[in-house]
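A.B. asks: With numbering that gives the first Met the number 0 as the guide, the letters of the sequence shown map in order to residues 0 to 118.
From the three backbone atoms N, C-alpha and C, an ideal C-beta is built for every residue, glycine too.
There's a structure below that I have some questions on.
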Amino acid sequence: MTLLTTMLIFTSILHLGYALKCFNCWTVVDPSCNKIKQTDDKFLEDCKKNVVGCFTKIILWEDETVEIERSCFYGDPLEVRENCTITTSAMIEIDCDLCEQRTCVPTILVFHISFLKLG
Numbered sequence: 000m001t002l003l004t005t006m007l008i009f010t011s012i013l014h015l016g017y018a019l020k021c022f023n024c025w026t027v028v029d030p031s032c033n034k035i036k037q038t039d040d041k042f043l044e045d046c047k048k049n050v051v052g053c054f055t056k057i058i059l060w061e062d063e064t065v066e067i068e069r070s071c072f073y074g075d076p077l078e079v080r081e082n083c084t085i086t087t088s089a090m091i092e093i094d095c096d097l098c099e100q101r102t103c104v105p106t107i108l109v110f111h112i113s114f115l116k117l118g
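Below is the structure:
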């Protein structure tokens with residue numbers, strides 16, 4: 000077996016064991032969820048195999064507080080819209096991102112949706 004063949008087999012085996020890791024937290028439970036850095040591991044969780052991506056929801060409330068929820072996202076990416084709706088008049092704005100890795104940056108963004116309450 001050549002070195003190249005061995006490396007390809009090894010890389011394939013490593014890829015099979017790869018699991019997407021996403022942050023899993025909610026500022027209502029732990030306010031430090033608001034200040035996660037890309038290198039933080041505090042809220043990092045291994046997602047299950049059928050994960051679509053990492054989901055982040057940011058809500059701006061009338062009292063100017065910000066609520067952030069981060070988690071693994073399962074199901075159809077088009078369902079992000081259903082998980083990202085203004086459900087009460089106390090919500091001013093809601094932003095949702097679905098990403099291919101634990102942090103959402105424009106180069107890896109799969110889906111973004113934003114709603115702003117008018118009037």
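Considering only DSSP beta bridges, list what threonine 55 is partnered with.
C.D. replies: Threonine 55 pairs with Arg69, Asp96.
A.B. asks: Rounded to whole angstroms, what is the Cα-Cα separation between valine 65 and aspartate 45?
C.D. replies: If you take the alpha carbons of valine 65 and aspartate 45, they lie about 26 Å apart.
A.B. asks: In whole angstroms, what is the alpha-carbon distance linking isoleucine 67 and isoleucine 57?
C.D. replies: Rounded to the nearest angstrom, the two C-alpha atoms are 5 Å apart.
A.B. asks: Can you tell me whether leucine 43 is helix, strand or coil according to DSSP?
C.D. replies: Leucine 43: strand per DSSP, three-state reduction.
A.B. asks: Give me the Cα-Cα distance between leucine 77 and methionine 90, rounded to the nearest whole angstrom.
C.D. replies: If you take the alpha carbons of leucine 77 and methionine 90, they lie about 22 Å apart.
A.B. asks: Following the continuous beta strand (DSSP E) through lysine 20, name the residue where it begins and the one where it ends.
C.D. replies: Its beta strand (DSSP E) spans residues 20-22.
A.B. asks: Measuring straight from C-alpha to C-alpha, what distance separates isoleucine 93 and leucine 59?
C.D. replies: Going from the Cα of isoleucine 93 to the Cα of leucine 59 covers about 6 Å.
A.B. asks: Reducing DSSP to helix, strand and coil, say where valine 79 ends up.
C.D. replies: Note: valine 79 maps to helix in three-state DSSP.
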